[in-house]
Structure formats: C-alpha cells, structure tokens
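Below: one structure, written as structure tokens.
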Amino acid sequence: MAARKSAAKKRAPKAAPNFARLKPGGFLLVVSGPSGVGKGTLVASLMEQREDCVFSVSATTRAPRGKEKNGREYWFLAEKDFRAKTKQGWFLEYAKVFGNLYGTPNHEVEGKIKKGKVVVLDIDVQGGASVRRKRPDAVSVFIAPPSFAELKRRLVGRRTDSAEAIARRLATSQIELPQYVHYDYLIVNDDLESAKSQLVAIHDVERRRIGRLSK
1 MAARKSAAKK RAPKAAPNFA RLKPGGFLLV VSGPSGVGKG TLVASLMEQR
51 EDCVFSVSAT TRAPRGKEKN GREYWFLAEK DFRAKTKQGW FLEYAKVFGN
101 LYGTPNHEVE GKIKKGKVVV LDIDVQGGAS VRRKRPDAVS VFIAPPSFAE
151 LKRRLVGRRT DSAEAIARRL ATSQIELPQY VHYDYLIVND DLESAKSQLV
201 AIHDVERRRI GRLSK
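All the letters of the sequence shown, read from the start, carry residue numbers 1 to 215 under UniProt numbering.
Structural data, given as structure tokens:
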C-alpha cells in the first residue's frame, strides 16, 4: 500500500506556472544581406514597431556619410584605435569590408540581452558568419533582392558611391548571395511593406520561444 502511495505521489502533476508572469527573454538578431538590399530600412522599421528592440551600434574605420553621427549610426574610429581594440577583445566580431574595418562591440550586446532586450545587428555576411560561430543561439535573417538587376538599380539609385565602388559591391554580392542557406530565415525584399511585416513576424515568434521565457 505504501509503495502504491509513493508511486502515485511521483506521478502527480506539477502545479501549472503563472503564465501571465512569464516574460519573453532577450536574444541576438542578426540581419545580413548584400549592400543596397535595404537592410537598414527594414531594421529601422522593426525598431519603430517593437520597443524591446535595441540597435547595436557597430564601430568602423570608414568616414561618416551625409548626416551620420558618431555613436548613432556607427562609432567612427581611426584604424590605429580600431586595431588596438581588437587586441583587447573589445569586439564580438570584426571584418574588413570594401577596404574599411567594421566590428560589433561586446558591451553593445551582452548587457542588453541580459535585460531582456532584442539586440539587432545589421551586419554584412562576413560578420554574420563570425557572430553565428561565437553565438550559435543568435537568430539570423538574410535579406535578398528579387534579382541581381534590381540590386544594381538600387545601388546606382543611392548616388552615394562611384561607379568603381558600385562595381566592387556588386562583385561582392555575387559571393554573398549564395550564403543565405546558412541563415535561419530568408526575406526577399521585393515589396517593402511585406518585407517589413515579415521581419516583425520573425521577431515576434522568436520572442515567445519557450526556452527564452523567464519568471
């Protein structure tokens, strides 16, 4: 009899948690794609629609463009300072792209995730690969153009690069585009509003993963 009671006690279901108190956890969201595909526009839209998202400001050795400000779009560093910080372990990832160095500062990521934030990285394919190696728990999204011809049209339309720079970016994109297979999600940016909605939907689904919920 005692044995039966003991077995019954072991099989007794646990009390259900208070689901209303479960909080979505933070995570790292990597958004990559070739230059000119519209990553920045999609990320900006996500940030506007979801308050839990915070932007990870990358560091770079390139000169500011237009109205870019230090600490807002990028941390603009001299190459000497950038290389010194790489030796100090300051970056989660860094890479040389089109002759300039780009990197993601560790402090921009870890503290914010612990606070339950979704840290968004708008980085190139090379940087995305490095982050995925170091942070396999990161959620990665690849943004692709509907066609190579459309990507070229967008790059020319930006009017921010020389013909030589555009040719270099297009050559790089031919290497980058096949890398979509290594990402968790693919968004084809052929309709801007649809692409915006898809990125928000990915955020919402990943935010509710059971493994990320906390009491």
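The beta-carbon is built from N, C-alpha and C at its ideal position, and this holds for glycine as well.
Please tell me whether residue i and residue j are closer than 9 Å, where the distance is taken between their beta carbons.
| i | j | result |
| --- | --- | --- |
| residue 28 | residue 137 | yes |
| residue 22 | residue 213 | yes |
| residue 115 | residue 26 | yes |
| residue 113 | residue 119 | yes |
| residue 131 | residue 177 | no |
| residue 174 | residue 129 | no |
| residue 200 | residue 49 | yes |
For the beta strand (DSSP E) holding residue i, just list the boundary residues, first then last.
| i | result |
| --- | --- |
| residue 177 | Where residue 177 is concerned, there is no enclosing beta strand (DSSP E), given that its DSSP letter is neither H nor E. |
| residue 93 | 91 to 97 |
At what residues does the alpha helix (DSSP H) containing residue i begin and finish?
| i | result |
| --- | --- |
| residue 127 | 125 to 134 |
| residue 202 | 192 to 207 |
| residue 57 | First-last for residue 57: undefined, no H or E at that position. |
| residue 157 | 148 to 158 |
For residue i, which of helix, strand or coil comes out of DSSP?
| i | result |
| --- | --- |
| residue 217 | This structure leaves residue 217 out entirely; the chain is present only between 1 and 215. |
| residue 103 | strand |
| residue 144 | strand |
| residue 81 | helix |
| residue 22 | coil |
Worksheet item: At a cut of 8 Å, does the stretch 26 to 35 reach the stretch 117 to 132 through at least three beta carbon pairs?
Response: yes
Does the count of Cβ pairs from the stretch 44 to 61 and the stretch 92 to 102 closer than 8 Å reach three?
yes
Item checked: the stretch 15 to 24 touching the stretch 182 to 198, judged by at least three CB pairs closer than 8 Å -> no
Pairs of beta-carbons, one from the stretch 190 to 209 and one from the stretch 40 to 55, closer than 8 Å: are there three or more? yes
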